[in-house]
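Read the structure below first, then the notes.
2 protein chains.
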Amino acid sequence: MAEVKTHALSALARRTADPAISWLMHAALARPQLISLAAGFTDNKSLPVGDVRVLLNDLLRSLRTGQSALQYGTTFGDPALRRLTAQRVQRLDGARGQPKAYSPERMIITSGSQQLLYMVTEALCDAGDIVLVEDPTYFVYLGILQSHGVRARGVRLERDGLDLTHLRAVLERLKRSGELQRVKLLYLVSYFQNPTGVTTCFTKKRALLALLNQFECPAGHPVYLLEDTAYRELRFAGEDVKTALAAKGFSERVILAGTYSKPFATGARVGFGFLPEPVFTAVTRIKGNHDFGTSNLLQLLLARALGSGRYDRHLQVVQARYAHKARVMRRALAAHFPEGVECWEPTGGLYFWARLPGRLPSGTASKLFQAALAHNVLYVPGELCYAHDSTRRKPNHEMRLSFGGATEANIREGIKRLGAVLREMMV
Amino acid sequence: MAEVKTHALSALARRTADPAISWLMHAALARPQLISLAAGFTDNKSLPVGDVRVLLNDLLRSLRTGQSALQYGTTFGDPALRRLTAQRVQRLDGARGQPKAYSPERMIITSGSQQLLYMVTEALCDAGDIVLVEDPTYFVYLGILQSHGVRARGVRLERDGLDLTHLRAVLERLKRSGELQRVKLLYLVSYFQNPTGVTTCFTKKRALLALLNQFECPAGHPVYLLEDTAYRELRFAGEDVKTALAAKGFSERVILAGTYSKPFATGARVGFGFLPEPVFTAVTRIKGNHDFGTSNLLQLLLARALGSGRYDRHLQVVQARYAHKARVMRRALAAHFPEGVECWEPTGGLYFWARLPGRLPSGTASKLFQAALAHNVLYVPGELCYAHDSTRRKPNHEMRLSFGGATEANIREGIKRLGAVLREMMV
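Top line first, the protein sequences correspond to chains A and B. What the first sequence shows, in my numbering, is residues 4 to 430, in sequence order. What the second sequence shows, in my numbering, is residues 4 to 430, in sequence order.
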């Protein structure tokens, strides 16, 4: 008889770790005086409470549209929302005609883009497979990979996106070690990346697709780019960049994830994806098993926000607001952080990225982190954003600083406290 | 070099079949004149459009509650909704005091109960594991099992619930074959079951928990009961039955799934679950990876519906409405179905179950199904609701008839058409 276990948990459940962020949230809850520059929350003041009220009121005023909002829909999502979203992404990319890459027919609506990331991983990856990620990358996605027993390999990040020379080197090394067949996709947070704020330029997107393509033959199957555009519409400076869907000849290898959680109604949790076949069909079936489809009420809300022009008007408010909060954080950093700390200033999104000198450790076990906590200020330690990748040492001297959720006063005070702690540690 | 594949899909994706129901939905869309007695939709007329409008208006009138509704929440869900839901289930079960089984601390809010079923399966089952199901059972759950490579074993169903003698025989057989260690849970749709309308009495719930318990030692790990109470509050005749949470001494083995999609706002897709440890922690972490948590806007809507008394008032409307529609279907069946067809009349829920004589095949490939389609009426063939289980022949002479989505006129006309087809086939 087999060993008696105290649980019946699956391999997936045993691999699924407590997310780092939940530890940070617990720390925050335990200290009401704490200023959190860690949470990835959006700005409360700029949430579209009035817009949503008007839109829902209109939607529920008529029995016909009201009943439709409160009934089941289809698994892939509301036709109007799919059409409006597809048109929007195409327009932002400046693409003309009716290119297949932007067809609403290859779009699925999801519970935030997070659910799309999860389902794409389910659809493409078996335990033991490999996903290439930016080094550092979005830590929740690392959690998804770990949960599925998928290995992450980090690719160096430069200020304008992935280091393509390193990407080629990583792929060559995997080819030599016979592991290339396990590589299923490259995950890229392409706009104002979480955690670094880096945006990948279009030239690099096109080049990395060409590079992945060269390795498909030895891999023995398609290798996808999963482009996560969560922060795209939170730009407050500089020019927009096209998505990888605009790279001619590669649209059958691009999976695009997007969301309305960041630019509009965070709590509505409506996201979307463009997927080529056979990934589209696989993900739609998986979505059917997850939940049949995202709440129709929320989908119709978003369709009306887009169709009425309220979304676009609100976006200007949001962008101006984050521009302001980023300025507040920049000034505070300039005033309070010691010299020798390198701060990456973003042109959109929610995050500054700070790199400490002399490899001063910033992880949860570090003196710095503990001192910050004692002074009631919280940041996301950079180490949480690096994959477990045995081919390099995990950096541990960085911090993600968010200006999304904190008030202006708390940004100023939080950076001041953190600056004082840093000055003390760096003496 | 390994075989070159044309895809990079995972084993899960390759196992995930097109859901039977999507085929039925396509059939319906292709024939606008079709009367569908197949869809599991709820009754459009009784959707709480007015209630939801008032509740959302109130919620979004104040900036404080409005911002909270449009912000991220916690992964396990809104505290008020968890508390109100836990209290409600406890009150319905007539349980006194503060029993741990009904603690809001072991509750998670999900995107419909469907998402809970999915995550529980992820948390407990590896490919090759076994789940016991009613024979027949909810076909979407069979799809989840197939997707995860989990084998389903059917347990005979009687008019008052599972056949316990057969359950024991199935467990004994699995023990003898050395497969008991692969058995993780028994899935039970306990109220007005989908597809048969059968309700499992409390005595059987307690007895089956005791029976599962006897097999834990040879299994080598806990064996759970996953009780799906989706239709509980759609009762329109007879007395309510307690959930398995009320079975003293077994609460650490009961996973309870519930939903507000059926009794209230279908399109809001808010469900819930009670889970014992370590399943609660595993599922919460998995939920964090899926989507961080269900839409706060929808959760606060449901909390207000419950707290304001609107939910309870609406429930009476819904119950009266389904009682009426069930009567309409019963009368139509009596008037139009030939003798020899055995119809199981429910006391709640959305479904009649009809068993044809002489094993007249009713499956999608059958003459009967094709003739019904030609006469523009659609039902769910019973065969779709049976697991692939090599230990018995799959029945193929039954049909699920739903009075949930169809109008009264369509129920009458649909049953009339189906009756005519049956009379012709049964001559």
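Glycine included, each C-beta is placed from N, C-alpha and C at the ideal position. None of the values given here were measured: they were computed from a predicted structure.
Straight-line CA distance for residue i to residue j?
i: Ala126 of chain A; j: Tyr105 of chain A; result: 21 angstroms
i: Asp129 of chain A; j: Gly291 of chain B; result: 20 angstroms
i: Gly310 of chain B; j: Gln90 of chain B; result: 11 angstroms
i: Val383 of chain A; j: Ala409 of chain A; result: 14 angstroms
i: Asn47 of chain B; j: His29 of chain A; result: 42 angstroms
i: Ser405 of chain B; j: Ile38 of chain A; result: 54 angstroms
i: Ile418 of chain B; j: Met110 of chain B; result: 41 angstroms
i: Arg17 of chain B; j: Ala285 of chain A; result: 8 angstroms
i: Ala210 of chain A; j: Gly252 of chain A; result: 12 angstroms
i: Pro360 of chain A; j: His10 of chain A; result: 46 angstroms
i: His400 of chain B; j: Lys245 of chain B; result: 32 angstroms
i: Leu318 of chain A; j: His293 of chain B; result: 27 angstroms
i: Leu237 of chain B; j: Glu255 of chain A; result: 46 angstroms
i: Pro364 of chain A; j: Leu371 of chain A; result: 7 angstroms
i: Arg420 of chain A; j: Lys328 of chain A; result: 18 angstroms
i: Gly270 of chain B; j: Ala31 of chain B; result: 20 angstroms
i: Asp132 of chain B; j: Gly200 of chain B; result: 28 angstroms
i: Val143 of chain A; j: Arg85 of chain A; result: 26 angstroms
i: Asp163 of chain A; j: Cys204 of chain A; result: 6 angstroms
i: Val257 of chain A; j: Val282 of chain A; result: 10 angstroms
i: Val136 of chain B; j: Tyr121 of chain B; result: 15 angstroms
i: Pro221 of chain A; j: Asp138 of chain A; result: 24 angstroms
i: Lys8 of chain B; j: Glu230 of chain A; result: 23 angstroms
i: Thr78 of chain A; j: Ser25 of chain B; result: 9 angstroms
i: Asn60 of chain B; j: Leu303 of chain B; result: 12 angstroms
i: Asp96 of chain B; j: Ala249 of chain B; result: 7 angstroms
i: Asn197 of chain A; j: Glu280 of chain B; result: 33 angstroms
i: Leu278 of chain B; j: Asn379 of chain B; result: 44 angstroms
i: Ala377 of chain B; j: Gly366 of chain B; result: 15 angstroms
i: Val331 of chain A; j: Arg426 of chain A; result: 20 angstroms
i: Arg333 of chain A; j: Arg316 of chain A; result: 26 angstroms
i: Ala308 of chain B; j: Tyr314 of chain B; result: 5 angstroms
i: Thr140 of chain B; j: Gln93 of chain B; result: 26 angstroms
i: Ala390 of chain A; j: Thr202 of chain B; result: 49 angstroms
i: Gly181 of chain A; j: Phe218 of chain B; result: 45 angstroms
i: Met4 of chain A; j: Ser13 of chain A; result: Low confidence applies to Met4 of chain A: its pLDDT is 39, below 50, so where it sits in the model is not reliable, and the reading given next is rough at best. Approximately 19 angstroms between the Cα atoms of the pair.
I'd like to check one pair, residue j with residue i: are the Cβ atoms closer than 7 angstroms?
i: Asn299 of chain A; j: Gly76 of chain A; result: yes
i: Gly115 of chain B; j: Arg272 of chain B; result: yes
i: Ala83 of chain B; j: Ala306 of chain B; result: yes
i: Leu387 of chain B; j: Ala23 of chain B; result: yes
i: Ala268 of chain B; j: Leu73 of chain A; result: yes
i: Val424 of chain A; j: Ala375 of chain A; result: yes
i: Ser71 of chain A; j: Arg324 of chain A; result: no
i: Ile147 of chain B; j: Thr124 of chain B; result: yes
i: Pro266 of chain A; j: Val192 of chain A; result: no
i: Ala19 of chain B; j: Arg288 of chain A; result: Per the sequence presented here, residue 19 of chain B reads as Thr, with Ala not at that position. Cβ distance < 7 angstroms, so Thr19 of chain B and Arg288 of chain A count as in contact.
So residue i packs on residue j, CB below 8 angstroms; how close in whole Å?
i: Val173 of chain A; j: Arg154 of chain A; result: Not a contact, Cβ separation roughly 12 angstroms.
i: Phe355 of chain B; j: Gly422 of chain B; result: About 13 angstroms separates the two Cβ atoms, so there is no contact after all.
i: Thr350 of chain B; j: Ala240 of chain B; result: 4 angstroms
i: Ala159 of chain A; j: His151 of chain A; result: In the sequence as presented, Ala is not what sits at residue 159 of chain A; that position holds Arg. About 24 angstroms; that fails the 8 angstroms criterion.
i: Gly296 of chain A; j: Gln117 of chain A; result: Gly296 of chain A to Gln117 of chain A, Cβ: 16 angstroms. No contact.
i: Leu381 of chain B; j: Ala41 of chain B; result: 4 angstroms
Within the same chain, show all residues whose beta-carbon is closer than 7 angstroms to that of residue i, passing over the 5 residues directly before and after it, in chain order.
i: Asp392 of chain A; result: Ala155, Arg156, Gly157
i: Gly407 of chain A; result: Gly43, Phe44, Thr45, Asp46, Leu353
i: Leu167 of chain B; result: Lys207, Ala210, Leu211, Leu214
i: Glu416 of chain A; result: Ile38
Got a sec? Which residues, its chain only, sit under 8 angstroms from residue i by beta carbon, not counting five neighbours each side?
i: Leu15 of chain B; result: Ser150, His151, Gly152
i: Gly312 of chain A; result: none
i: Ala326 of chain B; result: Phe239, Ala240
Between which residues of its own chain and residue i is the CB-CB distance below 6 angstroms, once the five residues before and five after are set aside?
i: Arg358 of chain A; result: Glu345, Glu401
i: Pro107 of chain A; result: Arg85, Arg86, Ala89
i: Gly27 of chain B; result: This sequence places Leu at residue 27 of chain B; Gly is not what is there. Cβ neighbours of Leu27 of chain B beyond the five flanking positions: Ala41.
i: Met429 of chain A; result: Pro341
Can we say the stretch 184–200 of chain B touches the stretch 219–238 of chain B, given the rule of at least three CB pairs closer than 8 angstroms? yes
May I ask you to verify whether the stretch 42–58 of chain B touches the stretch 55–69 of chain A, counting CB pairs closer than 8 angstroms and requiring at least 3? yes
Inter-stretch contact (C-beta, 8 angstroms, three-pair minimum) for the stretch 332–351 of chain B and the stretch 248–262 of chain B: When Cβ pairs closer than 8 angstroms are counted between the two stretches, the stretch 332–351 of chain B is seen not to touch the stretch 248–262 of chain B, the count staying below three.
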